[in-house]
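Going by our numbering, 223 is the number at position 227 of the first sequence; the sequence numbering is gapless. The structure under discussion appears below in the form of C-alpha cells.
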Amino acid sequence: MPAVSRLDEARHEIRRVILSFLEGAGFTGLDEVVRLEVPTEKGHGDLTTSFALKAAGRTKVPPRVLLEQLLSWWPDVPAVESLEVAGPGFLNFTLRTRWLAEVVNQVRAMPGQYGNSDFGQQQRVLLEYVSANPTGPMVVVSGRAAAVGDTLARCMSAAGYQVFREFYVNDAGNQIATLGHALALRLRELEGEDVESNWPEKVYPGDYVKDLAKAYRTLHPEFATDQAVEDRYPELGAWAAERIRQSQETVLREFGVTFDQWFSERSLRESGAAEAVIDRLRNRGYMAEREGALWFTSTRFGDDKDRVMVKSDGSYTYFVPDAAYHAGKFDRGFDYVIDLLGPDHHGYVNRMRAVVEALGYPPERLEILIVQLVRLLRGRELVRMSKRGGDFVALEDLIEEAGVDPARFFLLERAPETPMDFDLNLATLKGSDNPVYYVQYAGARIHSILRQWHAMAAETVPVDLGLLTSAEERELMVLMARFPEVVVRVAEDRAPQHLPKYLTDLAAAFHAFYRAHRILDVEPGLRQARLALIEAVLAVNTRGLALLGISQPEEM
RNA sequence: GCGCCCGUAGCUCAGUGGAUAGAGCGCCUGACUACGAAUCAGGAGGCCUGAGGUUCAAAUCCUCACGGGCGCACCA
C-alpha cells in the first residue's frame, strides 16, 4: 500500500527501519506488530509505536532493553528529528519540522484534490441509502441516512473507491394502493364529501395527500370523482408515488445529496427478476412449501426463522423484490454492497445476509449499517415525528429551520449507529454556540486575510517553508499531514464522525496560531511563508467541509 | 421470551487493546487602540452502569447482571 500522506510516508520509512533492525537482531515475523500510531497525548511525539511491548512475549527481551539497543543503532532517517523511549516500552518519534513543512507544498499543488488517495484501489462499491418509501414526506432519520450516505460516498471516492450511489424506490405493492386510496378519498373531499369522519384505519391521513389531490385535479380536470374507486387505487397511487419521489429528489438535492440511480422496485418486478430469484433459490434447494406458502429456508444460514416469499394467495412478500434487487447488485459486478438501513430494519439484516449467501455470493461483501434514530428536541421538549399525525417534522422543515450546513454538521458529528438527540434550538443558533460556524469561521478569517494581502499589492518573495518553526505553525502542518488518512479512516470504518472532529481540531489550531502570530505585517520572507501556510489550511478546511457537503463561506 | 444497538463530565457526544479518558454546550476567571472577539488563554466538573474474566496493558475484547432504545408478520 503506497503512502497516502506526508505523515504516512514517515510511518512507512520508520517502519522499514525498525523491521530491518529487528531482522538484524534475529527477530522475524513481527511485521504485524510494528505499527506507528498518532499518539492520543501531546508530548508523546508525532508518531508512536508499542511494538516492543507487544513482541516481548516472543522476543524474550524486556521492551526497554530492546528499545535502547534500537536507539543506539538508529541511522539517520530524513523524516525523523529524534526518538525516545518512554513509559513501559513505547517508542516516540518527533518528525523534522522542515520535512513536515513539505505538506504545505503538497496541498498547494492540488488544493481541490488534497486528501485523495488510492487506498481503495478502485474497488467498486454500491452504496444504497435513504430509500425512503414514496408514500409521504421524509422524516429526519432519512436526513441522517442521507447525510451519512452522501459523506461516506464522497470520502470513499476520495479514498480511491469507485462508488455508485443508489436510492431504492418501493414503488410497488400494497402501500402504493393504500396511497392511491388516500388520494382517492382526498379527491372526493375536494368535491365536498366528508371523508374525515369515516377515515379508514390504515390509509395515510397526512395533509400532504390533500396537496397531491389538488395537483391531480389540476392536471386531470377530466377525472370524475366517481372514478375514484378501488380498482383505480394502484394507478392513482403510482401517480402519487412518483410525485412524492420527485419531491424527495428535490429536497435531497437541496440537502446536497444526489444519486446515480433511483432504482424502481416496479421495474424490477416487471423485468421478471422476482420470479428469477425464486427459481434460483428453488434450484439451489433453499425453498420449501408449507401451509400453502413458499418459504425461504433462511434458518440454514443463521436466521432465526424461515421467511415466506410467496404467500398462500400467490402474491410475493416484499422480501422477494429485495432479494432480487440485492442479487442484481452483485450481478452488476460490485466488489462491495453497502446498505444503510433505518432502525426499523434491524430484523432484516440476517435474512438479507442469508439470501445473499444462499444465492452463492460471498456474504461478507454485503455490509449492512443501521443508521439509528434521531430524536428531535426543542430545548427539553421532544418534537414528535409521525407520518400518521400531522405533527411530524419533515426533513424539509429541518433544512428550512436549521439550514443545510448546521443540519449536516450535527447529523454527521455522531457515530451513525448511535441513537442521537438533535436539539433544534442549538442547531438554529447562529452564534458561536454552533460548532459548524467555528470551523467555517476559520476559513472565512483566512479569506479575509488573503483579500487584504491582495489589496496590499506588496512585494512577493519566494516561499521558504524553513521559516515556519513555531509550535503553532508546526501543529497546523501535523494536522494537514494527517488529513488524507482521516479521509481513509472515514471510508474504511464507515465512520463519518471523524471528519467533523478533525475539522474542529484544525480550526482550533488555526485560531490559536492566528492569535499568537501576525501574518501580514511581518518581514516579507516570513509573511510569504505564513501566507502559504494559511492558504494550505484554507484548502484543507474547504475540502474537508466539502466532503461533509458543507460550504466554506468567504465572509460570514 | 429471542436478536441488534447503546450506557463515558450537569447536557449532547468523541475515543485505533496502550502512557495523565477528551471535545462542544453550560458554569467560573482573564485577554482587543493589533490582519474578523463567531476568537484566544486558563479553571471547576469522571467509580467510563456494575461484577467477574483474558492481557505486560481494558472505556475498548469475552461472560453475566442492571438500565435505555429498536426490532422480532403469509405488512412494506
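Glycine is no exception: its CB is placed at the ideal position from the N, C-alpha and C atoms. Owing to the predicted nature of the structure, the values given are computational and were not obtained by experimental measurement.
Item: Sequence ranges, alpha helix (DSSP H) only - wholly within the stretch 406 to 483, length at least 4; Value: 420 to 424 and 431 to 452
Item: Three-way DSSP call (helix, strand, coil) for Q242 in this model; Value: helix
Item: Limits of the unbroken beta strand (DSSP E) element including M305; Value: R303 to V306
Item: Check whether A599 and P130 have beta carbons under 9 angstroms apart; Value: Past the boundaries of the shown model lies residue 599; the chain is included only from -3 to 552, so the question cannot be answered.
Item: Buried versus exposed call for T465 [16 or more other C-beta atoms within 10 Å across all chains shown]; Value: exposed
Item: Exposed unless 16 or more other CB atoms sit within 10 angstroms - verdict on A451; Value: exposed
Item: Beta carbon of A350 nearer than 9 angstroms to that of S294; Value: yes
Item: At least three beta-carbon pairs within less than 8 angstroms, the stretch 127 to 144 to the stretch 198 to 208; Value: yes
Item: Contact under 9 angstroms by Cβ, L123 with F160; Value: yes
Item: Validate contact between the stretch 529 to 544 and the stretch 498 to 510 using beta carbons, cut 8 angstroms, 3 pairs; Value: yes
Item: Cβ pair count under 8 angstroms reaching 3, the stretch 153 to 173 against the stretch 247 to 259; Value: yes
Item: Three-way DSSP call (helix, strand, coil) for T55 in this model; Value: helix
Item: Under 9 angstroms between C-beta atoms of L373 and D419; Value: yes
Item: Environment of E192 [buried if 16+ CB atoms lie within 10 Å]; Value: exposed
Item: Residue range of the unbroken beta strand (DSSP E) whose run includes S78; Value: V76 to A82
Item: Per-residue DSSP class, three states only, for L555; Value: The structure shown does not extend to residue 555, since the chain is modelled only from -3 through 552, so no value can be given for it.
Item: Rounded C-alpha distance that separates V345 from I364; Value: 7 angstroms
Item: Counted within 10 angstroms of its Cβ, other Cβ atoms place A6 as buried (16 or more) or exposed; Value: buried
Item: With 16 other Cβ atoms within 10 Å as the buried cut-off, status of T36; Value: exposed
Item: Straight-line Cα distance separating C151 from V306; Value: 40 angstroms
Item: Cα-Cα separation, R523 to A512; Value: 14 angstroms
Item: Alpha-carbon spacing of A82 relative to L62, whole angstroms; Value: 13 angstroms
Item: Cβ neighbours of A323 in the same chain (closer than 6 angstroms, five flanking residues each side left out); Value: V273 and L355
Item: Cut-off 8 angstroms between Cβ atoms - residues of its own chain near M552, not counting five sequence neighbours on either side; Value: Y433, Q436, Y437 and A440
Item: Residues of its chain near T45, where Cβ-Cβ distance is below 6 angstroms and the 5 sequence neighbours each way are ignored; Value: L32 and L87
Item: Per-residue DSSP class, three states only, for E189; Value: coil
Item: For A224 and R553, the rounded distance between their alpha carbons; Value: Residue 553 lies beyond the stretch modelled for the chain, which goes from -3 to 552, so this question has no answer here.
Item: Cβ distance (whole Å) where G545 is taken to contact A143 below 8 angstroms; Value: 7 angstroms
Item: Extent of the continuous alpha helix (DSSP H) to which I334 belongs; Value: Not the alpha helix (DSSP H): I334 falls in the beta strand (DSSP E), residues Y332 to L337.
Item: For A21, the three-state DSSP class (helix, strand or coil); Value: coil
Item: Burial state of I14, where buried means 16 or more other Cβ atoms lie within 10 Å; Value: buried
Item: Local Cβ density within 10 Å of Q65, reported as buried at 16 or more and exposed below that; Value: exposed
Item: Boundaries of the alpha helix (DSSP H) in which R228 is found, first to last residue; Value: R228 -> no alpha helix (DSSP H), and no H or E assigned at all.
Item: Inter-residue Cα distance where the pair is E9 and L18; Value: 15 angstroms
Item: Segment contact, 8 angstroms Cβ cut-off, at least three pairs: the stretch 92 to 100 with the stretch 468 to 477; Value: yes
Item: Nearest residue (CA-CA) to L527, options E469, E285, V483 and G329; Value: E469
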